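In full-length UniProt numbering, the protein residues as written are 1 to 213.
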């Protein structure tokens, strides 16, 4: 049997590259994924959080928008989570006052950075993210965060469907197990966007500043 790489070659995997106006979207880097012993704890997310401050710093230094998302339920019994919460009741930890719903240290928003509150996997579904990015003239959505097989994949799919170049930073996304992590990076890179290293993303982000008059 062919390898997946050989089977996809020449069919999937075209590169789209970075556009002229990128934004960095940091998706759901919440303590639920990094506190050992928590139901959602994911070692891959711990590693991704450690890799991400340099990416965020590069975006801030270049003056490109840095946007953060968090999952937060506001209705009684997390009813605003709909069928997703029924399927995955572990998500009920995402409520105000629960430490698990707080941002991870080192990758939290700073004053003035937009925070998008969402109730489902995609950063775009039921939020103002796409409208906000279009209004700012953004053409490229660089993504970091978690989890690779959940909110990152869903956001990457929706990013391309909203007309953005979807860029996922391999070192800055994570999951609870390497198998779904790697499989979803393969799918994203093949069909929906480009998966790049942190170094490549930082290099491209730096060009935005150097290209300014």
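All residues carry an ideal CB built from backbone N, CA and C; glycine is no exception.
It should be emphasised that the depicted structure is a prediction, and the values quoted were computed from it without experimental measurement.
In the three-state DSSP reduction, residue 67 falls in the strand class (E or B). Closest option to residue 51, judged by alpha-carbon separation, among 104, 64, 194 and 41: 104. About 6 Å separates the CB atoms of residue 155 and residue 27; that is less than 8 Å, so the two are in contact. If you compare the alpha carbons of 2, 1 and 12 with that of residue 186, the shortest gap goes to 12. Secondary structure note for residue 143: its beta strand (DSSP E) is the uninterrupted segment 140-146. Restricting attention to 161, 68 and 56, the CA atom closest to the CA of residue 193 is found in 161.
Between the alpha carbons of residue 23 and residue 133 lies a distance of about 8 Å.
The alpha-carbon of residue 99 is positioned some 17 Å away from that of residue 77.
In this structure, residue 167 places its C-beta atom within 8 Å of the C-beta atom of residue 18. DSSP, read as helix, strand or coil, puts residue 186 in helix. Note: residue 194 is bridge-paired with 167 in the DSSP secondary-structure output. In the structure shown, residue 117 adopts extended strand secondary structure according to DSSP, grouped into three states.
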